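K.L.:
Heads up: the sequence lines are chains A and B, in that order.
Residues in the first sequence are numbered from 3 upward in steps of one, following our numbering.
Residues in the second sequence are numbered from 200 upward in steps of one, following our numbering.
Note that beta-carbon positions come from the ideal geometry of N, C-alpha and C, so glycine has one too.
Bear in mind the structure is a predicted one, so any value in this text is a computation, not a measurement.
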Amino acid sequence: MQQTTTIDDLLHFMDSRLLVDHIPSLRRYARALTGDRWAADDLVQDTLERACSKWRLWIVGSDLRAWLFTVMHNVFVSQARRSPATRAAAVDIDDVVHELRSVDSQRDQAIDLQRCLLLLPEEQRAVLLLVALEDLSYAQVAKVLGIPAGTVMSRLSRARARLQDLMDGTPPAVAAHPGLRRLK
Amino acid sequence: MNTPTLPPDDDPAAWQAQRDALRRLHREVLDEPIPPALLAAAGLADEQRGRQARWMRWGGMAAGIALAFGAGWLANTQWAASQAGAALSRAPATREFVHAASVAHAVYAPEKRHPVEVAAAERQHLAQWLSKRLDKPLQVPDLSAEGYALVGGRLLPGSEGARAQFMFERAGGERITLYIGSLGPGADPSRSEEASFRLSAEGPVPSFYWVDRGFGYALTGALSRDALLSLATVVHRQLEKTAG
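(1) Using a Cβ distance threshold of 8 Å, determine whether the region 428 to 441 of chain B contacts the region 342 to 349 of chain B, with at least three qualifying pairs required.
(2) What residues in the region 211 to 229 of chain B bring their beta carbon closer than 8 Å to a beta carbon of chain A?
(3) What residues from chain B crowd round A:I25, counting only those whose CB sits closer than 7 Å?
(4) Taking 8 Å as the threshold (C-beta atoms), are B:L224 and A:L115 in contact?
(5) Run down chain B in chain order and give the residues with a C-beta less than 7 Å from the C-beta of A:D43.
(6) Based on DSSP bridge pairs, tell me the residues matched to B:I379.
(7) Check the C-beta distance from B:S330 over to B:G402 and give it rounded, since I have them as a contact under 8 Å.
(8) Mind listing the chain B neighbours of A:A112? Cutoff is C-beta to C-beta under 9 Å, in chain order.
(9) I want to verify the contact list: residues of chain B whose CB lies under 7 Å from the CB of A:L135, in sequence order.
(10) What residue range does the beta strand (DSSP E) around B:P356 cover?
(11) Whose CA, out of A:I25, A:G171 and A:G37, lies closest to the CA of A:D48?
(12) Compare the C-alpha of B:E450 against each of B:V350, B:G360, B:E321 and B:L354 and name the closest.
(13) Given that A:Q126 touches chain B, what residues does it touch there, using C-beta distances under 8 Å?
(14) By how many angstroms is the C-alpha of B:L355 removed from the C-alpha of B:P314?
(15) With a threshold of 8 Å on Cβ separation, who are the neighbours of A:C118 within its own chain once the five nearest residues in sequence on each side are excluded?
(16) Taking its Cβ as the centre, do 16 or more other Cβ atoms sit within 10 Å of A:K56, making it buried, or is it exposed?
(17) Which residue from B:T419, B:G413, B:S381 and B:I379 puts its Cα closest to that of B:L398?
(18) Beta-carbon within less than 7 Å of A:D10's beta-carbon, same chain only, minus the 5 sequence neighbours each way: which residues are those?
(19) Along chain A, in chain order, which residues have C-beta atoms closer than 8 Å to that of B:A292?
(20) Could you check where the alpha helix (DSSP H) with B:F407 kicks off and where it finishes?
(21) Counting only C-beta atoms, is A:A53 closer than 8 Å to chain B at any point?
(22) Quick one: is A:D43 buried, meaning 16 or more other Cβ sit within 10 Å of its Cβ, or exposed?
(23) Using only CA atoms, which one of B:V410, B:V339, B:L333 and B:L422 lies nearest to B:G371?
(24) Step through the CB atoms of chain A and report whether any lies within less than 8 Å of the CB of B:A400.
(25) Just how far apart, CA to CA, sit A:D137 and A:K145?
(26) Find the residues of chain B that neighbour A:A82, judging by a C-beta separation of less than 9 Å, and give them in chain order.
(27) Looking only at its own chain, which residues have a Cβ that is under 8 Å from the Cβ of B:W328, when we skip the five neighbours before and after it?
(28) Would the beta-carbon of B:V410 fall within 8 Å of that of B:L382?
(29) Less than 8 Å separating the beta-carbons of A:Q126 and A:A161?
(30) Going along the chain, which residues of its own chain have a beta-carbon closer than 7 Å to the beta-carbon of A:V143, five neighbours each way excluded?
(31) Jot down the residue ranges of each uninterrupted alpha helix (DSSP H) in the region 39 to 76 of chain A, minimum 4 residues, whole runs only, in chain order.
(32) Tell me whether B:E227 is buried or exposed, calling it buried when 16 or more other Cβ atoms sit within 10 Å of its Cβ.
(33) Just to confirm my understanding: we take A:F78, look at its own chain, exclude 5 residues before and 5 after, and list those with CB closer than 7 Å. What are they?
(34) Using a Cβ cut-off of 7 Å, pull out every chain A residue sitting near B:A431, in sequence order please.
(35) If we ignore side chains and look at the alpha-carbon of each, how far apart do A:R84 and A:D38 end up?
(36) Please decide whether B:A426 counts as near chain A, where near means a Cβ-Cβ distance under 8 Å.
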């Protein structure tokens, strides 16, 4: 069977796994990475456009999902390098105010989690999210981010510990904004 | 898929809890409808992938190597260029441009008696005149294979000077317009954005638009996304061919 695999078969194989199928997980990852709905979709859009012009770098039959995350990572890094200021402004105060009106404590937890995620260094956040959301192996994450597998492991454990510390230390940080809290 | 990758030296239960919390964080995104602009970008990319694969099939090995060599060379310069291009396409100038395209369509497309300044009968004069006014050699795309005949064109004012609008019409009377203009000195010609189509629904009528060598192009019409995208692809290809 394998001997008779033709280019047509490969084309068919490719066509059955369209880019569209990967958009939801790209969007979710981008949303968690940037903490901003619009910035996230812009990042996905730029990723798709870049994929469009870089198909020759994708090896037919290889893991399309991992490749797309690699492309997204490269786009994200170069954008972050160009405008480092956007990092600090990643949480839109209007979003937060809107969310804080909700009495849903799960919502509050989600906001805290996103806020704490954004406090992690970008390289730690990326490792943590790729492993937690996408279930990529260390080897895959290493390839996506272009770093050694050992670095993936150390960044992951640092990211986990830091996130836990931040989450545990959340109440005093939030209490620093009593005006916002009172909206509850 | 659901087997968590375990950090080597950590408490599995704590990791499980943390991982679950992260997976819950934006869970709803997975079920949201995909925004049209992303669908369009994915469709274009898939199309390009198919085209490239077919090309490789017919092109043969030697040509493939030559292409890879040339593309590698180009990629160096285009890496920076496409990044700049991505930023450019969301710049206010581009937003203004595509909005103006949509408004111009909404104003002139329903016009019965004076839809254009220069009619299709003077096709050559139309191209020459608008090329001169926009200071750029313009070709009028031929969309007859797609069922659209040229109605004509007109000159319009834009924020950076002259802009051109070409109008096409189908037998049923549906009209589409192609709007072209310089995006100004901010749009450095070296920062061209290759085949980067975006859908805009900001104006009264949807447009697919792209930026090429400092010029903006918007194809506008009250059509389905797919129909508009395929027409935009044809227009882009024709203009590319004549420009190259």
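P.N.:
A quick look at the data gives this:
(1) yes
(2) A213, W214, Q217, R218, A220, L221, R222, R223, L224, H225, R226, V228 and L229
(3) I233, L237 and A241
(4) yes
(5) P234 and L237
(6) B:A363 and B:Y416
(7) Going by Cβ atoms, the distance from B:S330 to B:G402 rounds to 26 Å, so no, they are not a contact pair.
(8) A220, R223, L224 and H225
(9) L221 and R222
(10) Y347 to G357
(11) A:I25
(12) What is shown of chain B runs 200 to 443, which leaves residue 450 of chain B out entirely.
(13) Under the 8 Å cutoff, chain B gives no residues; its nearest Cβ is about 13 Å from A:Q126.
(14) 13 Å
(15) L165, L168, M169 and T172
(16) buried
(17) B:T419
(18) Any reading at A:D10 must be qualified, since the residue scores a pLDDT of 46, below 50, and its modelled position is unreliable; the value itself is stated next. Excluding residues within five positions, none has a Cβ falling inside 7 Å.
(19) By Cβ distance, chain A contributes nothing, its closest Cβ being about 17 Å from B:A292, past 8 Å.
(20) Note, B:F407: premise wrong, no alpha helix (DSSP H); beta strand (DSSP E) at S406 to D411.
(21) yes
(22) buried
(23) B:L422
(24) no
(25) 14 Å
(26) Neighbours of A:A82 on chain B: none; closest Cβ ~12 Å, over 9 Å.
(27) V317 and L354
(28) yes
(29) yes
(30) V129, L132, V133 and V154
(31) 39 to 55
(32) exposed
(33) L35 and L45
(34) The contacting residues do not exist; B:A431 stays about 14 Å from chain A at best.
(35) 18 Å
(36) no
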